[in-house]
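> Counting along the sequence shown from 1, when you hit position 38 you're at 327 in the working numbering, and nothing is skipped either side. Mind looking over this structure? Questions follow.
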Amino acid sequence: MRFIATADWQLGMRARPLPEEARARYTESRFEALARIGELARERAAAFIVVCGDVFETNQLDRRVIARTFEALRGADVPVVLVPGNHDPLDSASIYDSPVFAERCPEQVVVAREAEPIRIGDDAEVLPVPWRSKRPGRDLVAEACAGLEPAPAGVVRVIAAHGAVASRNPDATDPATIDDAALADVLARGLADVVVLGDRHSTTEVRPGIWYPGTQEVTARRDVDPGNVLVIDVDPAGDAAAPVAERVRVEPVHVGRWRFVTVEHEFTGDADAEVERLRTRLDALDDKSRTGVWLVLRGTISTSAAARLERLLDEQRDLFALLTVWEHHSDLQVLPDNADFSDLHLTGFAADALDELVAAAGGGGDSGAPGASADAGGLDRPGSRDLADDGDRRRAQDALGLLYRLVGGNR
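This is the structure:
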């Protein structure tokens with residue numbers, strides 16, 4: 290018996306980090322992924338599809354999200370079991386009880402409303418564990434498995450639930466945490482054949498027979514292996530006493546189209562050459578319109594090199610869905626070289642102001658050496674007005690960069 294497990298569709302999510310134009314394309318891709326899941330079910334002759342929680346981003350969504358969901362699922366010629374999760378629980382405002390959901394729901398789509406087995410065909414049943422509130426306050430899976438009897442002979446039992454497992458939950462005190470050790474015992478005793486869970490957006494094998502499929506499209510840069518579904522094969526006539534690994538075969542299949550990547554780049558030595566090397570690295574990334582990039586930049590560069598870097602980033606932002614500098618992890622120091630501004634021929638007050646900006650930016654004042662340290666620049670000299678803190682240094686660097694561009698530097 291073969292089925293497809295997926296989770297965390299979170300349809301209707303706003304994808305706030307993306308620019309508006311890219312956000313629309315990203316939203317479209319999340320629905321397109323549903324159609325590919327249906328196609329995969331036909332190609333692999335899967336008996337059913339189970340969605341392990343967080344089908345929708347929230348219970349309050351525009352009716353178009355529901356309509357588009359069902360339109361995408363119409364191509365799936367097999368039962369689709371939806372298990373409500375913490376984003377879309379079966380509470381008093383449940384999206385699953387809305388009139389538009391009831392009116393448009395295709396016949397093959399089944400909402401799991403109770404932790405009771407759902408029989409599918411002659412050789413499979415799904416034991417769903419739906420959420421009825423955002424904070425259940427207990428291990429719902431353990432509750433559903435209490436007193437569980439073996440499935441009928443020749444019937445594969447799939448437990449489909451949602452939530453963080455104890456072995457991977459950073460909040461060990463959360464009462465809703467799923468006891469995966471107890472679940473492993475459920476499998477070992479032959480009370481179920483496989484467990485699929487939602488909540489973790491990266492495809493993850495927790496223990497033999499216990500899996501997170503992950504989300505159908507990447508949702509955050511921290512996702513390790515997103516964009517997959519699981520094609521799972523279980524032999525209904527297999528020996529229930531045999532190890533899970535011998536009875537269950539799990540194949541992750543990639544259906545997503547988007548990716549979020551982190552590019553770390555160190556500026557050492559010739560900063561101009563490093564800017565070009567970064568250009569080469571960005572050029573090598575394909576499918577830019579569906580790629581979000583977080584840059585982690587470190588090292589030191591001159592004002593002229595910083596201007597070239599900024600132009601490069603402006604050019605690349607026109608190509609990528611998202612290109613941003615991850616400020617929290619970056620440490621790129623702009624250390625002005627007096628040669629950057631030698632063509633200005635400033636005198637008097639203007640020259641003093643420029644010198645102060647160079648010193649405040651950490652450029653080394655009279656030394657004129659690219660990469661000179663802030664201490665060598667004499668930030669404590671008279672007139673510096675104590676601009677040594679990081680925020681003021683950054684503002685001084687930005688002011689010098691703007692000045693450099695305004696006077697036509699690095700044309």
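Where is the CB? At the ideal position from N, CA and C, for every residue including glycine.
1. Taking only three categories from DSSP, how would you classify C434?
2. So which of H490, D463, V445, R457 has the shortest CA-CA distance to D482?
3. Let's see if you can read the secondary structure: which residues bound the alpha helix (DSSP H) around L416?
4. Can you find the residues in the same chain that come closer than 8 Å, C-beta to C-beta, to L350, ignoring five residues on each side of it along the sequence?
5. Whole angstroms are fine: how far does the CA of R548 sit from the CA of E346?
6. Which residue marks the beginning of the beta strand (DSSP E) containing L486, and which one marks its end?
7. Cβ of V389 within 9 Å of Cβ of L371?
8. Going by other Cβ atoms of all chains shown within 10 Å of its Cβ, with 16 needed for buried, is E506 buried or exposed?
9. From A322 to H376, what does the alpha carbon distance come to, in whole angstroms?
10. Grab me the residues of W583's own chain with a C-beta within less than 7 Å of its C-beta, minus the 5 sequence neighbours each way, in chain order.
11. Name the two residues that bound the continuous alpha helix (DSSP H) containing L480.
12. Starting from the Cα of L476, find the closest Cα among R570, V537, D514, L624 and give me that residue.
13. Look at the Cβ atom of L472, then the Cβ atom of I499, and state whether they are nearer than 9 Å.
14. I need the straight-line Cα distance from T508 to A313, nearest angstrom please.
15. For the candidate residues G479, D512, R579, whose alpha-carbon lies nearest to that of T493?
16. By Cβ distance below 7 Å, which residues in the same chain neighbour E555 in space, the five residues on each side in sequence not counted?
17. Rounded to whole angstroms, what's the CA-CA distance from L602 to E565? Just pull it up for me.
18. Distance, Cα to Cα, S456 vs D469?
19. For the beta strand (DSSP E) that contains L586, what are its first and last residues?
20. Short of 6 Å in beta carbon distance, which residues of its chain neighbour V533, apart from the five on each side in sequence? Order them along the chain.
21. Run through DSSP, which three-state label would L519 get?
22. Quick one, are the C-beta atoms of L379 and V544 less than 9 Å apart?
23. Is I293 closer than 9 Å to V339 when the C-beta atoms are compared?
24. Between which two residues does the alpha helix (DSSP H) harbouring E392 extend?
25. Return the bridge partner residues of I384 from the DSSP annotation.
26. When DSSP labels each residue in this structure, what does E494 get in the three-state scheme?
27. Measure the beta-carbon distance from L486 to C341 and round it to whole angstroms, keeping in mind my assumption that it falls under 8 Å.
28. Are there 16 or more other CB atoms within 10 angstroms of the CB of E563, so buried, or fewer, so exposed?
29. What span of residues does the beta strand (DSSP E) with A450 cover, start to end?
30. Can you give me the C-alpha to C-alpha distance between V623 and E604, rounded to a whole angstrom?
31. In the DSSP assignment, what residue or residues form a beta bridge with D463?
32. If you draw a straight line from the C-alpha of H451 to the C-alpha of V415, how long is it?
33. Assuming A324 and A361 form a contact by the criterion Cβ under 8 Å, report the distance between their Cβ atoms to the nearest whole angstrom.
34. Taking P441 as the reference, give the member of D463, P417, G410 with the closest Cα.
35. What number of angstroms, rounded off, separates the C-alpha of E553 from the C-alpha of P308?
36. With C-beta atoms as the reference, is V369 less than 9 Å away from V399?
Well, looking at it:
1. helix
2. V445
3. The continuous stretches of alpha helix (DSSP H) do not include L416, which lies in the beta strand (DSSP E) extending over residues 413-417.
4. L300, G301, I384
5. 20 Å
6. 483-487
7. no
8. buried
9. 20 Å
10. R510, T551, T613, W615
11. Note, L480: premise wrong, no alpha helix (DSSP H); not H, not E.
12. V537
13. yes
14. Roughly 14 Å between the two C-alpha positions.
15. Nearest of G479, D512, R579 to T493, Cα basis: D512.
16. R587, G588
17. 11 Å
18. 7 Å
19. Per DSSP, the continuous beta strand (DSSP E) segment holding L586 begins and ends at 580-590.
20. L476, P497, G498
21. strand
22. Going by C-beta atoms, L379 is not nearer than 9 Å to V544.
23. yes
24. From DSSP, the alpha helix (DSSP H) with E392 extends over 388-393.
25. Paired residue(s): none; I384 is not in a bridge.
26. strand
27. 6 Å
28. Burial call: buried.
29. 445-451
30. 20 Å
31. D463 pairs with nothing; no bridge assigned.
32. Rounded to the nearest angstrom, the gap between the Cα atoms of H451 and V415 is 14 Å.
33. 5 Å
34. G410
35. Approximately 22 Å between the Cα atoms of the pair.
36. yes
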